[in-house]
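Okay, structure first, notes after.
Residue numbers (the numbering used here): 94 to 473.
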């Protein structure tokens with residue numbers, strides 16, 4: 094059944110018009126919050142705050158993607174021989190039993206997955222089967238407000254699309270002898286929400302707007318390898334007390350997406366093995382927060398820990414986030430290894446797609462519970 098409530102009502106147009114009459118520039122309409130985000134001067138902010146309908150005017154802190162830790166390629170391991178030649182990606186897939194699911198015919202087919210990241214180099218070999226078969230359904234750039242999430246030399250800084258190329262390939266890439274993602278037969282929508290070259294106050298709003306967009310198109314899964322906690326000097330970091338599942342904009346947006354039926358998979362962060370090192374929105378109570386283990390199943394030293402401030406256990410699950418095979422964003426026919434919870438998250442997102450292709454009537458919370466039931470206590 095479709096879920097419709099007051100949050101699906103658009104932001105009142107007259108209020109938007111009045112705010113923009115101050116000269117502020119519209120960035121995003123956030124209907125889930127009955128809010129908009131704008132670029133505004135100090136004088137414009139003061140004018141906006143005088144409107145009777147403006148219940149709250151505040152800055153929204155944003156930060157860069159939690160970029161992964163580069164490592165040297167590992168020694169070659171024995172590959173698992175199946176009807177597909179997975180290459181070295183067999184190791185990360187076997188750890189989450191994705192290969193067994195593939196052999197049963199479940200590869201994410203029929204499931205719409207939203208990737209949120211910095212952009213995506215769509216000419217990479219790993220994505221050509223997705224594109225040629227018409228399974229790239231939609232894309233939107235929430236930074237520049239256009240319909241291109243690929244690397245754009247006219248407006249993107251160097252490296253803008255690298256991180257997203259890595260994460261999308263880990264979840265949905267397809268290249269025999271090199272890489273298969275868990276949900277390599279899924280349908281995809283791409284959201285470009287994060288700027289890599291600067292730290293602005295808009296990334297969380299972009300994330301929330303992208304989640305609304307994904308919901309409006311009918312996405313069943315969101316995979317987000319982004320995290321928010323530490324910001325530029327003078328902008329205000331999130332304190333541990335903010336990571337209570339209810340405070341940050343991005344956490345609220347993640348839970349609202351889950352409320353609307355989306356299986357939201359988000360990285361825990363790479364802040365190290367210290368209790369409470371979790372980043373938003375991984376503190377959200379209804380999503381699947383993803384930690385990282387090595388190929389042997391031991392927790393990676395960089396993988397952030399819970400609990401949340403209100404003492405909930407996090408992460409829900411872990412997947413391989415060390416020596417993970419992915420597309421090489423610097424070589425459109427190349428593959429490499431990378432590390433970080435940004436790599437484990439798309440593996441979990443892909444596993445979610447597999448479960449939904451096998452059980453199309455399952456809810457997102459049933460997917461979450463099923464994934465958690467597969468978990469075993471890892472070495473630390």
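The beta carbon of each residue, even a glycine, is placed where N, CA and C say it ideally should be.
Within this structure, are the beta carbons of residue i and residue j separated by less than 8 Å?
i           : j           : result
residue 315 : residue 265 : no
residue 235 : residue 121 : yes
residue 371 : residue 399 : yes
residue 87  : residue 346 : Outside the shown range of the chain (94 to 473) lies residue 87, about which nothing can therefore be said.
residue 431 : residue 211 : no
residue 272 : residue 418 : yes
residue 275 : residue 129 : no
Out of the options, which has the shortest C-alpha to C-alpha gap to residue i?
i           : options               : result
residue 133 : 123, 113, 345 and 310 : 113
residue 188 : 438, 436, 389 and 402 : 389
residue 475 : 145, 456, 288 and 385 : The requested residue 475 is not part of the displayed model; the chain covers only 94 to 473.
residue 245 : 285, 140, 149 and 408 : 285
residue 282 : 378, 140, 190 and 317 : 317
residue 368 : 394, 386, 378 and 356 : 394
residue 411 : 355, 465, 423 and 427 : 465
residue 454 : 252, 203 and 321      : 203
So is residue i buried or exposed if we call it buried at 16+ other beta carbons inside 10 Å?
i           : result
residue 157 : In this prediction, residue 157 has a pLDDT of 48, which is less than 50 and means its spatial position is unreliable; nothing more can be read from the coordinates.
residue 196 : exposed
residue 468 : exposed
residue 413 : buried
residue 267 : buried
residue 361 : buried
residue 107 : exposed
residue 143 : exposed
residue 470 : exposed
residue 163 : For residue 163, the predicted model reports a pLDDT of 49, less than 50, meaning its position is unreliable; a value from the coordinates is still stated below. Exposed, because fewer than 16 other Cβ atoms sit within 10 Å of the Cβ of residue 163.
residue 216 : exposed
residue 442 : buried
residue 165 : Any reading at residue 165 needs caution, since the residue's pLDDT is 45, under 50, leaving its predicted position unreliable; the model's value is listed next. Exposed, because fewer than 16 other Cβ atoms sit within 10 Å of the Cβ of residue 165.
residue 434 : buried
residue 190 : exposed
Check residue i in the structure and name its three-state DSSP category.
i           : result
residue 403 : coil
residue 311 : coil
residue 345 : helix
residue 209 : strand
residue 225 : helix
residue 122 : strand
residue 141 : helix
Give me the Cβ distance between residue i and residue j, rounded to the nearest whole Å; I'm assuming they're in contact under 8 Å.
i           : j           : result
residue 401 : residue 335 : That belief does not hold up - the Cβ atoms of residue 401 and residue 335 are roughly 10 Å apart, past 8 Å.
residue 359 : residue 456 : Contact flag wrong, Cβ pair sits at about 18 Å.
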